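Okay, so here's the structure we're looking at.
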Amino acid sequence: MTQTQRDSRSDPYGNRPTLPPSAKLPPLENGDHLSRAEFERRYEAMPHLKKAELIEGVVYVPAALRFKSHAKPHGWLITWLGTYEMATPGVEMGDNPTVRLDLDNEPQPDIVLLIDREAGGQSRISEDDYVEGAPELIVEIAASSASIDLHTKKQVYRRSGVQEYIVWRSLENGLDWFSLNEGEYLALPPDADGMIHSRIFPGLWLDVAALCGGNMMQVMQGLQTGIQSPAHAEFMQQLAARRSKQI
Numbered sequence: 028m029t030q031t032q033r034d035s036r037s038d039p040y041g042n043r044p045t046l047p048p049s050a051k052l053p054p055l056e057n058g059d060h061l062s063r064a065e066f067e068r069r070y071e072a073m074p075h076l077k078k079a080e081l082i083e084g085v086v087y088v089p090a091a092l093r094f095k096s097h098a099k100p101h102g103w104l105i106t107w108l109g110t111y112e113m114a115t116p117g118v119e120m121g122d123n124p125t126v127r128l129d130l131d132n133e134p135q136p137d138i139v140l141l142i143d144r145e146a147g148g149q150s151r152i153s154e155d156d157y158v159e160g161a162p163e164l165i166v167e168i169a170a171s172s173a174s175i176d177l178h179t180k181k182q183v184y185r186r187s188g189v190q191e192y193i194v195w196r197s198l199e200n201g202l203d204w205f206s207l208n209e210g211e212y213l214a215l216p217p218d219a220d221g222m223i224h225s226r227i228f229p230g231l232w233l234d235v236a237a238l239c240g241g242n243m244m245q246v247m248q249g250l251q252t253g254i255q256s257p258a259h260a261e262f263m264q265q266l267a268a269r270r271s272k273q274i
């Protein structure tokens with residue numbers, strides 16, 4: 028019996044042996060073409076890696092994130108969506124969750140906002156604590172309009188049924204908010220006051236000019252107006268009614 032054969036056996040107590048160096052999983056690399064199962068195996072074997080995505084069967088490992096072009100905009104949107112979550116029982120927000128969309132796509136969006144499954148949401152939380160299916164809203168911070176977020180990812184999210192998709196082009200200081208309509212993403216227009224209203228989450232209002240101008244006080248004031256609207260109150264009643272039917 029060779030050394031490899033001996034190493035491959037369990038001991039008398041059934042303990043798994045340590046794999047020889049040649050059998051260790053290779054690291055995730057940009058451009059790898061992998062199945063979702065293999066992607067997850069390699070990702071789990073790299074606990075130091077904080078973010079990796081599988082998009083159309085191709086691995087993307089992002090570079091280190093900069094403060095002004097990513098971390099700060101990300102924090103502002105977390106504040107905005109987190110406030111809406113707190114005011115809307117039956118809605119949950121997640122920061123950088125892994126999302127199992129299909130066998131070729133497992134992105135890790137910057138932010139997701141979803142409706143609880145018990146309240147009629149279209150995604151669910153798996154037994155191993157991942158999002159499975161399409162969240163109602165996904166947010167990405169993109170470096171520019173040439174980013175994968177506005178091209179390949181946008182197509183994947185549209186095809187998977189993500190109802191609304193927000194992309195903040197931080198370097199260009201512009202924001203796009205798309206809504207799924209008959210299988211296509213259409214840009215939501217602002218109202219006369221410059222406010223965009225979510226069609227899926229009533230009361231989720233965004234003053235885009237204020238956000239891009241760094242005026243978070245005005246952004247949050249606009250959101251509070253949306254949260255106090257009759258449409259938001261009706262939405263909360265609908266969520267509560269759906270959840271009560273599940274009890």
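In case it helps, the numbering used here puts the sequence shown at residues 28 to 274.
Backbone N, C-alpha and C define an ideal beta-carbon position, used for all residues, glycine too.
Note that the coordinates shown come from a computational prediction; the quantities given were computed from them, not determined experimentally.
Checklist entry - Considering only residues of the same chain and omitting the five flanking positions on each side of Asp227, which have a CB-CB separation below 6 Å? => result First, the residue type needs correcting, since residue 227 is Ile and not Asp in the sequence shown. Cβ within range, chain order: Glu163, Gln190, Glu191.
Next on the checklist: Any beta carbon of chain C sitting closer than 8 Å to that of Ala268?
Outcome noted: Among the chains of the structure shown, chain C does not appear; only one protein chain is present.
Next on the checklist: Just verifying my parser: in three-state terms, what is the DSSP assignment at Ile105?
Outcome noted: helix
Checklist entry - When we look at the beta-carbon of Met120 and count the other beta-carbons within 10 Å, is it buried (16 or more) or exposed? => result buried
Checklist entry - Which whole-angstrom value describes the C-beta separation of Asn123 and Lys181, a residue pair presumed to lie in contact below a C-beta threshold of 8 Å? => result About 19 Å separates the two Cβ atoms, so there is no contact after all.
Next on the checklist: Can you tell me where the alpha helix (DSSP H) holding Arg185 begins and where it ends?
Outcome noted: 179-187
Item to check | Coil, strand or helix - Ser206 by DSSP | outcome: strand
Checklist entry - With distances taken from CA atoms, which of Ile168, Gly58, Asp155, Ile105 is nearest Leu92? => result Of the listed residues, the one whose Cα sits closest to Leu92 is Ile168.
Checklist entry - Going by the beta-carbon positions, is the gap between Val23 and Leu177 smaller than 8 Å? => result Any answer about residue 23 is impossible in this case: the structure gives the chain only from 28 up to 274.
Next on the checklist: Is the separation between the beta-carbon of His16 and that of Ser197 shorter than 8 Å?
Outcome noted: Summary: the structure shown does not reach residue 16, with the chain confined to residues 28 through 274, and so no result is reported for it.
Next on the checklist: Between Asn57 and Tyr87, how many whole angstroms is the CB-CB distance? I'm expecting something under 8 Å.
Outcome noted: 6 Å
Checklist entry - Comparing alpha-carbon positions, which option in Met243, Trp204, Gly148, Ala214 lies nearest Pro116? => result Ranking the options by Cα distance to Pro116, first place goes to Gly148.
Item to check | Spatial distance of Ser225 from Val85 (CA atoms) | outcome: 31 Å
Checklist entry - Quick one, are the C-beta atoms of Leu81 and Leu61 less than 8 Å apart? => result yes
Checklist entry - Where do the ends of the alpha helix (DSSP H) carrying Ile254 lie? => result 243-254
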